[in-house]
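Everything below concerns the one structure shown next.
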Amino acid sequence: MLNRSDGVPELRTFQNLPMWQALLIKIAILIWKIIFKLGKFHEPMVEHEGEDFPKKGLEKSMGRTLFLEKNSDGIQSDRLVLMLGWLQGSRKHLKKYAEYYLDHRFDALIVPLPWYDPLWPELGAKMSTKNIAEFLAGNVQYENILVHAFSGGAYTWGEVRITMKQNQSKFASVEKRIVGQIFDSITPMDMDIVTVRFPKALLPHNPTLQLVLEKYLRFHLTALSDHTTRHYNQSFQDLQDIKSIKTPILVFASRDDHISSSKNVQDYISHWLESGIS
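Going by the numbering used here, the sequence shown opens with residue 0, and the numbers climb by one from there.
As C-alpha cells, then:
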C-alpha cells in the first residue's frame, strides 16, 4: 500500500475495493487521526527549567509516555534501565518493578504501553519509540543501559531498534552501551493474540464486550493492515534478528500467561541460540 507523507493512503489504494469498503476504511483512518490529534498522546519531550536534576526522588516527565526516575541514592549514575511496559500497565505498577533498579543506583526510564499505541503505530508507538531513541542518544552519561521489556514491551523495543537502524550514524553509540536485555514474556502482535486474547485480558468479566471488541479488532487488523500488522511484523522480525546487539539475554515465560504462550517465547529463544546469542 502506498502512503502519503501524512500517513493517509492515496485514493488509488482503494480502487480495487468495493465503494462501501473503501469508504469504511477511510472513515476509520480519519477517526484514528482525530483521536490522536485531540488526545495529544505524544507530545514532544520537554525539559523542566529550574529543576536541580539529578536529585534524589525527582521524577522527570517527557511527554505523556516517558518518565525518568532518579536512583534512590540521588547520585550521578552511569547506569540506566529502560523499562518497557506491558499493554495497559500503569506507570505506578512499572515504578514498583523499577524500585529494585533504583535501589541499585540505576536511573530508570519508564515507558508504559497504552492501548492506543499498538493500535495505530504511526501516530502511537513510533512517536514514543522515537522519543526513547532520542533520549538514549542524547544522554551519553548512561554508559551501561539495561533493557527490561514486559510482554508487549518487546514490540516497543523492536520499534526502537527500527528507529535506530534508520539513522545509524546518530544512534550507533546507543547499541554499544547496551549491556543486557531482559524479556519478561514476549507477546507477538499476531491476529490470535490481538483479536482474541487481548479482549479476554482487558474485559475478563464481560463476554459480550469481548465479542464486540474481537469483531472490531479483526476489521482493524485486516482492513488497516498497512497501518498495523505491517509494523508488528517488522518489529518482531527485527527482534528475532537481534544479533547486532551482542549482549546476554534473559527471558521469562509462564504456561499460565493469558496473552503470550510459552511456545512463542521458546521460538525466540531457539532462534537466538542458533544465532549464537546466549
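No residue lacks a Cβ here, since even glycine has one placed at the ideal position from N, Cα and C.
- Inclusion of Ile161 and Ser224 in the CB contact set at 8 Å is not warranted, their separation being larger than that value.
- Distance between Gly157 and Asp77, taken at the CA atoms: about 24 Å.
- Nearest in C-alpha terms to Asp106, of all of Ile74, Lys69, Val159 and Asp256, is Lys69.
- Taking a cut-off of 8 Å on C-beta distances, the region 173-191 touches the region 142-153, as three or more cross pairs fall below it.
- Between Ile109 and Ala124, the C-beta spacing is not below 8 Å.
- The beta-carbon separation of Gly84 and Phe134, rounded to 16 Å, does not stay under the 8 Å limit for a contact.
- About 6 Å separates the beta carbons of Val80 and His147, which is inside the 8 Å limit, making them a contact pair.
- Within the same chain, Cβ atoms closer than 8 Å to the Cβ of Gly179 are found at Leu145, Val146, Thr246, Pro247, Ile248 and Leu249, the five residues on either side in sequence being excluded.
- Residues of the same chain with their beta carbon placed closer than 7 Å to that of Ala171 are lacking, with the five preceding and five following residues left out of the count.
- Annotation: Ser89 is outside any beta strand (DSSP E) and is labelled neither H nor E by DSSP.
- Cβ neighbours of Phe182 within its own chain (closer than 6 Å, five residues either side excluded): Ala148, Ala153 and Val250.
- Under DSSP, Ser150 shares a beta bridge with Ile185.
- Counting other Cβ atoms within 10 Å of its Cβ, Trp119 reaches 16 or more and is therefore classed as buried.
- Of the residues assessed, Trp271 falls on the buried side of the cut-off, its CB having 16 or more other CB atoms within 10 angstroms.
- Closest option to Thr64, judged by alpha-carbon separation, among Gly73, Leu86 and Ile74: Leu86.
- In the structure shown, Asp237 falls within a helical segment according to DSSP collapsed to helix, strand and coil.
- Counting only runs of 4+ residues, the alpha helix (DSSP H) found wholly inside the region 169-216 occupies 197-201, in chain order.
- Checking the DSSP bridge columns, you'll see Ala107 partnered with Glu68 and Val80.
- For Ile248, the uninterrupted beta strand (DSSP E) run begins and ends at Ile248 to Phe251, by DSSP.
- Counting along the chain, Gln75 sits inside no alpha helix (DSSP H), nor does DSSP assign it H or E at all.
- By DSSP's assignment, Ile144 forms a beta bridge with Leu79 and Ile177.
- With contacts defined by Cβ atoms closer than 8 Å, Leu93 and Pro111 form a contacting pair.
- Non-local C-beta neighbours of Gln209 in its own chain, meaning closer than 7 Å and more than five positions away in sequence, comprise Pro198, Lys199 and Leu202, ordered along the chain.
- In the displayed model, Leu223 falls within coil according to three-state DSSP, outside both helix and strand.
- Here the alpha carbons of Lys129 and Lys25 stand approximately 26 Å from one another.
- Within 10 angstroms of the beta-carbon of Ile30 lie fewer than 16 other beta-carbons, which makes it exposed.
- Residue pairing by DSSP places Leu112 opposite Leu86 in a beta bridge.
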